[in-house]
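In case it helps, the working numbering puts the sequence shown at residues 182 to 550.
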Amino acid sequence: MARVHNFSAGPAALPTSVLAEIADEMMDYRGCGMSVLEMSHRSSMYQQIIDDAEATLRRLLSIPDNYRVLFLQGGATLQFAGIPMNLMRRGRAGYVVTGNFANKAYKEAAKYGEAVLLASSEDTNFDRIPTMADVNARIAAEAAGDGLDYVYICQNNTIFGTMYHELPACGDVPLVADVSSCFLSQPLDVERYGLIYAGAQKNAGAAGVTVVIVRDGLIADGPAFAQTPQYLDLKTQAAKGSMLNTPNTFGIYVCGKVFRWVEQTGGLAAMAERNWAKANLLYDLLENSKLFHGTAQTDSRSIANVTFRTGDADLDAAFVAGAAEHQIQNVKGHRLVGGMRASVYNAVTMEDVQALATYMKGFEAQHSL
Ligand code: PLP
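See the structure below:
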C-alpha cells in the first residue's frame, strides 16, 4: 500500500492505525451487522460512540465538569456567527486579528454588534502575533471603559504559520479561541477560556465536525439574540447532547477514534514533544538555508504549520511540482502568503518530515549558485 507524505493543512493526514480500524469496522461495526454510516443516531450503540468520544476528549484535556462539549456541524466558519449570537449580550466584543480566519470572525461579529479591533498584525502580512503587553493593556482599557462580552483570538493561524505562545490576560472577560489548527497538538488549559472551538479536519478527525467546549455559565441564559437559529443556540445544543438534529454521526465516530489514538500514543504532552521535534527540524533547516526563508517571525512560529518561500515565485512553483516525485503532497502555500507550507499535524510522522527535509536540501543543492 503506497501512502504519500501528506502535509495538507486540512483536511489533513489521519493516523494509519485509525484508518485501518475504521476500514475493519466499515461493513459490520462490532458485530451489529451494519456500518456506523447506517446506524440511527438515536440507537444505544451510537450513543455509546458519542459518549465515548466525549469521555476520551474530557480525559485528554482534563475538561472540568462545568464545561460542555459539543460536536456540531457547519465548520469553524459557522461559529464565527455562532459566537457573537450566543455571547454578545451587551453588544461589544474585542477581536485580535492575526490572519484570514480571525479577520473573517471579526467581520462576522460586526454584523451582530460592535466588534472592537484590539490589535492586528496585518501591517506585516500577519507574520507575527501582536505583542501581548499591548494586547493586554488594550483589553484592560476596553474592559474598564464600555466593557467587553469576550475577547476573541485565533490561536494558531493556519495560513500564516503563526501561533500564540502566551495567552492574553483577560481578567474577568471570557477568552474565546479558534483552536482549529492547534487543537490536540499540545496541552491546553481549558479553564483559561470561556469557549474554545475547532474544526476537526486537522488534528481531531474528519471534516464536517466542529468541536465546541464552552463554560456552562456563559450559555445558561440562552443565546444573546432571540433570532439566533436553533441550531446555533449552544444552550439548546448542550441540553440535547449535540443531537438537536441528526449529527455528523460518522465524523464524530472518527473523532472518537482519533481521541483514543492520541491517548494511546502518550497524550498531549507527548504529542507536543513530537510535534515540536517535527516543526523544529524544519525551522532549523530554514535558519541554515540560503535558499529557503521562513515567513513567520521566530517568536510567533506555529507548532503545526511551517510556512516558507525562496523569494522567487518560479522556484517556489518548481519546488512544489518536484515534491510529487518524492511522494510529498500538499506543500503549496496559501495564495495569501505564497511560497510553501508544510503542515506537520499529529498524524504526520517524523519520517514524513525527514523525507521533506531531504528533498529541501537536495533542491537547495541543485538550485544554489
Ligand atoms: N479557523 C482556522 C484556524 C482554520 O484553519 C480554518 C480552516 O482551515 C477555519 C477556521 C475554517 O474552518 P472550516 O472550513 O471548518 O469552516
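Heads up, the beta-carbon is just placed ideally off N, CA and C, and yes, glycines get one too.
DSSP assignment within the segment 457 to 504 yields the following whole alpha helix (DSSP H) runs of 4 residues or more, N-terminal first: 494 to 504. With contacts defined by Cβ atoms closer than 9 Å, D414 and P428 do not form a contacting pair.
At least 9 Å separates the beta-carbon of L251 from that of V435. Beyond the five residues adjoining it in sequence on each side, G389 comes within less than 7 Å, by CB distance, of Q254, N429 and G432 in the same chain, given in chain order. Going by beta carbons, L449 and S366 fall inside the 9 Å limit. The shortest CA-to-CA distance from M313 to any of A350, Q336 and Q382 is the one to A350.
By alpha-carbon distance to T476, the top candidate from D232, T339 and I394 is T339.
Less than 9 Å separates the beta-carbon of I264 from that of V357. Taking 9 Å as the cut-off, the Cβ atoms of F307 and N281 count as close. Restricting attention to beta strand (DSSP E) runs no shorter than 3 residues, the segment 265 to 313 encloses them at 273 to 278 and 295 to 301, ordered along the chain. Judged by DSSP in its simplified three-state form, Y331 adopts coil rather than helix or strand. Taken through DSSP and simplified to helix, strand or coil, N317 comes out as helix. In the assembly as shown, H346 is an exposed residue. Its beta-carbon has fewer than 16 other beta-carbons within 10 Å. Distances from the CB of C213 to the heavy atoms of the ligand PLP are all 8 Å or more. Here Y378 carries a strand assignment [DSSP, helix/strand/coil]. A distance below 9 Å separates the beta carbons of N511 and S189. Excluding its 5 nearest sequence neighbours in each direction, P192 has C-beta neighbours in its own chain below 6 Å: Q382 and A388, listed in chain order. Distance from the CA of L238 to the CA of E444, rounded to the nearest whole angstrom, comes to 9 Å.
Inter-residue distance for S481 and A234 is about 32 Å (C-alpha atoms, whole angstroms).
Here R270 has D330 and A405 as same chain residues with Cβ atoms under 7 Å from its own Cβ, once five neighbours each way along the sequence are excluded. Apart from the 5 residues on each side of it in sequence, V529 sits with its Cβ closer than 6 Å to the Cβ of A194 in its chain, given in chain order. For D414, the three-state secondary structure derived from DSSP is coil.
Taking one beta carbon from each stretch, the segment 485 to 493 and the segment 509 to 523 have 3 or more pairs nearer than 8 Å; the two touch. Between the beta-carbon of V371 and that of Y248 there is about 6 Å, and that keeps the pair under the 8 Å contact cut. Annotation: the continuous alpha helix (DSSP H) that includes L242 extends over S225 to L242. Residue pairing of A358 in beta bridges, as defined by DSSP: I334 and I377.
If you compare the alpha carbons of V439, T539 and L466 with that of A236, the shortest gap goes to V439.
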